[in-house]
Every structure is written in structure tokens, then in C-alpha cells.
Amino acid sequence: MIEVIEPATEQVMAEVPEAGIDEVDAAVAAAKKAQPAWRAMAPADRAALMHRLADALGDELEALSRLEARNAGKPIANARGEIGMAVETFRYYAAGPERLTGKTIPVAGGIDMTFREPLGVIGLITPWNFPMTIASWKVAPALAAGNSVVLKPAALTPLSAIEMERIALEAGLPEGVLNVVPGPGSVCGQRLVEHPDVAKIAFTGSTEVGRSIARGAAETIKRVTLELGGKSANVVFADADLAEAAAAAPFAVFDNAGQDCCARSRILVERPAVEEFMAELEKTISAMRVGDPLDEATQMGPLISADHRDTVASFVPEDAPVAIRGSAPDGPGYWFPPTVLSPMSNDDRAAREEIFGPVAVVIPFDGEQEAVELANDTIYGLSGSVWTGDGSRALRMARAIETGVLSINSNSSVRVSTPFGGFKQSGVGRELGPDALEHYTEVKNVYYAVGEG
Ligand code: TAP
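One rule links them: number in this note's numbering = place in the sequence shown (from 1) + 5.
Take a look at the structure:
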């Protein structure tokens, strides 16, 4: 059994059976058996089932939100937003079965046409930071394209995925189309990567595990989509609305206690604005409510585990230049206060490695060119923000920063209808929007010789 721990209390909140290699093999066999009928179902019928699943998840939104808030230690208000996004993701991709179209291409002597074919069985491997939301970003487009799936949730947060499978069956999804195998990544995840009947792996997690998945998938030439780590820049120019930028910046790092691949954890501030920006930042951080995830007023919860808290703490040694430290509860729970280190250099460890906790660094810069150099001086390229009152500068910066997602005068990273994914070592492929649907298909080209007539 897997003991599932509630990070705010350190208590066991559930026990679930742990899957091993036999269970993964059985799930893949069930998915393989179910896929041909799922694929052959009339597109409108598949769409209707996906709408029913969205409705059923929506009906249980409050219970699912509380489960996710407790298991992942996230504020209940955020959990509601995340489960709401999962519902919207199933709704968005419910249109997929009827909108996946091919092309006709003019050629000599016949008619050439393309089809978007499903791949077959897809292995989905997801992390613990946004368990149900990230699962929905993969399950929904994969099913819409006519595939069946085997989902391996993170061992720390398997509960919402197990609930998703139950709700899908109750909503009428045929048995075997969506299978969940809670178990360790090194066993169940690896088996999915190696399994000859799995056509593709869609993975979200660390860059380190992403590398091992890419290597493993090479053996059977599996398709791979990877959503990996980040070390994104939040670039604040002196001509920005500094109060607005400073009020938003903490939530770009400390949302989900910093356990967010999109965290804009390097705050680059134009030198003349540093003093005023830091004063505004302190006001926002000192007012942040850190505590019980189920309290409606809470803005930041605990970290996911004691081990992870130790890792985060290693980035804030005794002699670290702590400029701002927020509050955190005493007692049980894996708490860590929101922390800002400043002034920092982009060469410092805390500025180079993904901390995945509530620790931001502030790095001063002079002028646009240095801002671009600093923003791009990282192996990652997932998200980012630019704050400025100059629209032309905003667009120059947006084009120059090497990143998959960028927002101007905003922290926004993900929307159901727009593509999300990374440049450089932040990943391969895109999730959400129309792009994701295509990533779960293969293009087939058919030539029909029609002769002279
Ligand atoms: P990982 O340790 O990479 O785990 C992610 C998933 O991979 C888990 O389900 C894990 O299973 C599984 N796994 C571990 N070893 C594996 C192996 N050898 N083969 C196959 N699967 C394996 O990441 P995490 O700690 O859960 O999440 C934190 C990291 O994920 C951060 O670096 C963060 O940036 C990244 N992340 C990225 C994004 C996007 S969208 N780019 C989103 C969220 C998180 P177990 O849980 O059983 O170990």
C-alpha cells in the first residue's frame, strides 16, 4: 500500500494499493483492447461522452478541490481554480473528435489526402504539484484524438487521478479507455516507457527524469512530449507601474508555495527602480497569509514533503542575503516562509537551479540588452513576464526572450485554448490549445490514383 500524507498535518490521509509491473502490463493490455472500439466510435458520440465526463467532474468540484487541497497542500481557493480548469479542459477537447481534420493536396494523376490517426495506447506520467489539472491536460486531448491511456500519477498525490478514473467510468466512458496505475516512477513509470505496446509517453516533471524518459523511449522509437523544469525571469523596468508589478511578483513565485514550473523565480529589476520595488515587495509579502490549505483566506500552503523542504532550505544557508522573509506556521506541516534573496548575481546557485519552493532572487540590471542577456542565461525557457509602460519595448523583449510562454504586465501562464510548453531544456512539444490535440495523432497520407477518365 502507498501511505498518502497530508503535508499540512504530516498525517496519513489515505492508503492506496501500490501498482507494480504486473498492474502496468494489465492496464496497458486493457487499454490496447479498448482502443479500437473507442477510436471507431462516431465522433459525436465520443464528444458526448467527454462532455458527460466534464459535467461529472464539475458536479464533484467541491469534493475534488478539498481532496486536492489536502493531498497537495494547496490553498482551497487555488484548488477550486485548478479543478475548474480540468473541467474546462475536458470541455474544450470534447470538440476535438469532430474537429480533427486532414487536408487535400493537389498532385498529378490522383487525389492526395491526409488523415490524423490516433497513436494507440498513450502512457501519461504526471507530477505532484498540480495533480488533476496536469493529468487533464494530457488525458483530454489523448482521448479526444481516439487513443486510450494509462495514467501514472505521482506517488505523493495519487488520489485525484484515482477519483478521475472512477468518475469517468460512472459517466459512461468504456472500460479500459482510461486506466490509472498509482505506483513508484522508477517501477511503473519506467515500465510504461519501456512497454512495446505504448506508442507515446506524455510526461510532466523534472528535467532530470525527462532526460531518462527520452533515453528510454529511444529504444522503441516512442513519441515523447516533455514538460520539464524552469527558472523563468520576471523583468521589471523602471518605467513600469512598480506598485502593480510588486503586488503581482510574489504570486508569480509563491503561488503553490513556489512548486510551479512556471515560477518567475528570478526577478530582474532595472537598477534605478530597485529600492522602490523592494519596498513595495515587502508590503505584499508581509501581508501574505501562509497556513491551513482549507482556510478560505490562505494564500500559500506547505511544501509537499520533509525531503523537499530540506532541498529548498539548502538554497537559503545562514549567510544568504535574505532581504525579505514572510511568515510561516510553527508545528506540524512542511512549512517554509516566502523568502527573497537580494542582491544576487545570475551566477549564484539560487539563480541557476530550479528551487521549486517559495524562494525568489532579485537581480539588478542596466538597460534592455542586459535584461535580455540575463533572462536568456539559463538552460531553461518555460515562462516569463515583462513589466513596462512602453509597448514597443514590451514587444521587443517578448521576441528576444527565449521562452515558450511570456506575459506582458501580467503573471498569466496557462489558458485552456493557448499552447503551453518550453524552449531549451524546459521541454519538447506543447500542451493545451489546438497543438496538443495534434501531438496525440500521427499524420497519414493517402494517394488515390483516379486515372484520365
Ligand atoms: P519528477 O520527480 O520528475 O516526477 C514526475 C513524475 O515522474 C512522477 O509521477 C514520478 O513518479 C515519475 N518518475 C520518477 N522517476 C521516473 C522514471 N525513472 N521513469 C518514469 N517516471 C518516473 O518530478 P516531481 O518531483 O514530481 O515534480 C517536480 C518537477 O516537475 C519540477 O522540476 C518541475 O519544474 C517539474 N514540473 C514541470 C511542469 C511543466 S508543465 N513543465 C509542471 C509541473 C512540474 P513518483 O512520484 O512515483 O516518483
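The C-beta atom is built at its ideal place from N, Cα and C for all residues, glycine as well.
heavy atom of ligand 1 below 7 Å from residue i C-beta
i    : result
E170 : no
T209 : yes
E28  : no
P132 : yes
G362 : no
F135 : yes
V3   : Limits of the chain in this structure are 6 at one end and 458 at the other, which puts residue 3 out of reach.
V229 : no
G86  : no
K236 : no
E359 : yes
G427 : yes
F157 : According to the sequence shown, residue 157 is Lys rather than Phe. Yes, ligand 1 has a heavy atom inside 7 Å of this Cβ.
G190 : yes
L233 : yes
Q430 : no
S217 : yes
V2   : What is shown of the chain runs 6 to 458, which leaves residue 2 out entirely.
I139 : yes
Q40  : no
L308 : no
V33  : no
E161 : Per the sequence presented here, residue 161 reads as Leu, with Glu not at that position. Indeed, a heavy atom of ligand 1 lies less than 7 Å from the Cβ.
G434 : no
G194 : yes
V9   : no
V185 : no
V154 : no
Separation of residue j from residue i, as counted between CA atoms
i    : j    : result
P48  : P102 : 5 Å
F341 : P334 : 8 Å
A268 : S417 : 11 Å
E436 : A147 : 11 Å
Y98  : V421 : 9 Å
V155 : D324 : 47 Å
A355 : A365 : 8 Å
I26  : I127 : 16 Å
F370 : V321 : 23 Å
V433 : D440 : 12 Å
G396 : V185 : 47 Å
P277 : V377 : 17 Å
R171 : S165 : 10 Å
S217 : A223 : 10 Å
L161 : E23  : 12 Å
M90  : A82  : 13 Å
P163 : A328 : 37 Å
I110 : P41  : 28 Å
V258 : V274 : 15 Å
F361 : V214 : 15 Å
I309 : A262 : 9 Å
T408 : G438 : 17 Å
T94  : G235 : 23 Å
Nonlocal neighbours in the same chain, by C-beta distance under 8 Å from residue i, ignoring five residues either side
i    : result
A176 : L54, R57, L58, D60, A61
R51  : W43, P102, L148, A149, G151
R85  : L66, E67, S70
V295 : T303, Q304, M305, G306, G331, S332, A333, P334, W340, P342, P343
A248 : E285
D30  : R196, H200
E28  : V186, G188, C193
R401 : E373
A399 : V391, T393, I413, N414
Beta-carbon contacts of residue i that lie in its chain and below 7 Å, excluding the five residues immediately before and after
i    : result
A254 : N239, I272, L286
A159 : T131, P132, W133, P136
K38  : G181
Any non-hydrogen atom of ligand 3 within 7 Å of residue i CB
i    : result
L387 : This structure simply doesn't include ligand 3; it includes ligand 1 instead.
Contact set for residue i: own chain, Cβ-Cβ below 6 Å, skip 5 residues either direction
i    : result
R96  : A59
G78  : P12, A13, P298, G306, P307
A405 : V377
V279 : P369
I290 : P255, I329, G331, P343
R228 : K205
A250 : V241, W392
Any alpha helix (DSSP H) of 4 or more consecutive residues that is wholly inside the segment 333-406: 354-357, 372-381, 396-405
Residue ranges of each alpha helix (DSSP H) within the segment 84-139, 4 or longer: 101-104
Any alpha helix (DSSP H) of 4 or more consecutive residues that is wholly inside the segment 260-344: 279-291, 311-318
Inter-stretch contact (C-beta, 8 Å, three-pair minimum) for the segment 406-416 and the segment 377-389: yes
Whole runs of the beta strand (DSSP E) within the segment 140-200, excluding any shorter than 3 residues: Counting only runs of at least 3 residues, the segment 140-200 fully encloses the following beta strand (DSSP E) elements, listed from N- to C-terminal order: 153-157, 183-185.
Segment contact, 8 Å Cβ cut-off, at least three pairs: the segment 441-452 with the segment 115-124: Enough Cβ pairs lie closer than 8 Å, so yes.
Alpha helix (DSSP H) segments (min. 4 residues) lying fully within the segment 34-75: 48-64
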